[in-house]
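Shown next, in structure tokens, is the structure this report addresses.
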């Protein structure tokens with residue numbers, strides 16, 4: 001069961017994304033929200049506090065709570081673009097789209113449900129409504145596969161995503177342009193290559209790979225989740241401290 005404070009957060013976000021509450025608009029008072037959801041003001045306060053910390057809402061002492069003016073910029077979240085990285089290194093870059101498809105709620109595994117906050121009893125199960133887009137892409141450097149990208153995108157937030165030619169358009173660049181990112185998180189792990197990954201990267205099954213898993217947010221909700229698989233002997237992550 002979804003906690004009461006999370007239900008309130010979801011309802012507020014739905015009102016914002018639907019346009020009912022726009023940037024600068026005042027939202028319902030704590031008292032009104034408590035009555036609407038049948039909860040204490042403390043529960044409402046937690047929901048509003050978290051949305052304020054996520055920069056979705058702005059609480060003004062003595063005036064109420066307002067939808068924040070979203071001034072996101074992609075520099076808030078540095079998203080590495082493999083196409084730019086390879087071209088800047090004077091490597092020949094190409095992308096090959098392996099598959100693109102639309103997923104309904106009934107088609108999602110537990111991991112994707114958790115990432116995108118989709119409940120198993122989601123009403124969209126019954127109506128075969130698109131909830132996520134999935135693309136799989138192989139990125140090549142000088143003709144050699146260097147990265148296998150598996151990406152899922154919220155179909156409601158970026159409806160034209162699936163129509164793009166990702167052998168020409170970079171997925172990250174497109175998402176930043178259409179749904180500016182406010183924050184994200186990622187992990188990097190060493191994993192044995194699954195059969196599909198091994199085939200894409202042209203390595204033996206169970207070979208070592210480096211996997212970057214990243215999810216990014218816009219206006220308080222997950223927009224995209226991606227797994228980027230790299231052959232362990234062809235790729236490294238580096239940066240400056």
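Residue numbers (the UniProt record's numbering): 1 to 241. Note that beta-carbon positions come from the ideal geometry of N, C-alpha and C, so glycine has one too.
Using DSSP's beta-bridge definition, name the partner residues of residue 208. To locate residue 208, count along the chain shown from 1; it is residue 208. Bridge partners of residue 208: 192.
Are the CB atoms of residue 219 and residue 56 nearer to each other than 8 angstroms? Taking the chain shown and counting its residues from 1, one reaches residue 219 at position 219. Taking the chain shown and counting its residues from 1, one reaches residue 56 at position 56. Their beta carbons are under 8 angstroms apart, which means residue 219 touches residue 56 by this criterion.
Limits of the beta strand (DSSP E) - the one that residue 228 falls within: Within the chain shown, numbered from 1, the residue matching residue 228 stands at position 228. That run of the beta strand (DSSP E) goes 221–231.
Distance between residue 134 and residue 238 (C-alpha atoms, nearest Å): Here residue 238 is taken as the residue at index 238 of the chain shown, counted from 1. Here residue 134 is taken as the residue at index 134 of the chain shown, counted from 1. If you take the alpha carbons of residue 238 and residue 134, they lie about 28 angstroms apart.
Given that a residue counts as buried once 16 or more other Cβ atoms are within 10 Å of its Cβ, and exposed if not, what is residue 188? Start at 1 with the first residue of the chain shown, and residue 188 comes out as number 188. With fewer than 16 Cβ atoms within 10 Å of its Cβ, residue 188 is classed as exposed.
Nearest residue (CA-CA) to residue 173, options 24, 82 and 68: Position 173 of the chain shown, counted from the start, is the residue given in the question as residue 173. Considering only alpha carbons, the answer is 82.
Which residues share a DSSP beta bridge with residue 149? Looking up residue 149 in the chain shown gives position 149. 137 and 228.
Simplified DSSP state of residue 66, which is helix, strand or coil: As a first step, residue 66 is located in the chain shown; it is residue number 66 there, counting from the start. Of the three classes helix, strand and coil, the one that applies to residue 66 here is strand, per DSSP.
Apply the 10 Å Cβ neighbour rule to residue 145 and answer buried if 16 or more other Cβ atoms are within range, or exposed otherwise. By one-based count along the chain shown, residue 145 stands at place 145. Residue 145 comes out buried.
For residue 26: DSSP bridge partner residues: The count along the chain shown starts at 1 and reaches residue 26 at position 26. Answer by DSSP bridge pairing, in chain order: 66.
By a C-beta neighbour count over all protein chains shown, 10 Å radius and 16 as the cutoff for buried, is residue 9 buried or exposed? Position 9 of the chain shown, counted from the start, is the residue given in the question as residue 9. Buried.
Are there 16 or more other CB atoms within 10 angstroms of the CB of residue 168, so buried, or fewer, so exposed? Residue mapping note: residue 168 aligns to position 168 of the chain shown, counting from 1. Exposed.
Report the three-state DSSP secondary structure of residue 58 (helix, strand or coil). Counting from 1 along the chain shown, the entry for residue 58 is found at position 58. If DSSP states are grouped into helix, strand and coil, residue 58 belongs with the strands.
Let me know the secondary structure DSSP gives residue 51 once reduced to three states. Here residue 51 refers to the residue found at position 51 of the chain shown. Of the three classes helix, strand and coil, the one that applies to residue 51 here is helix, per DSSP.
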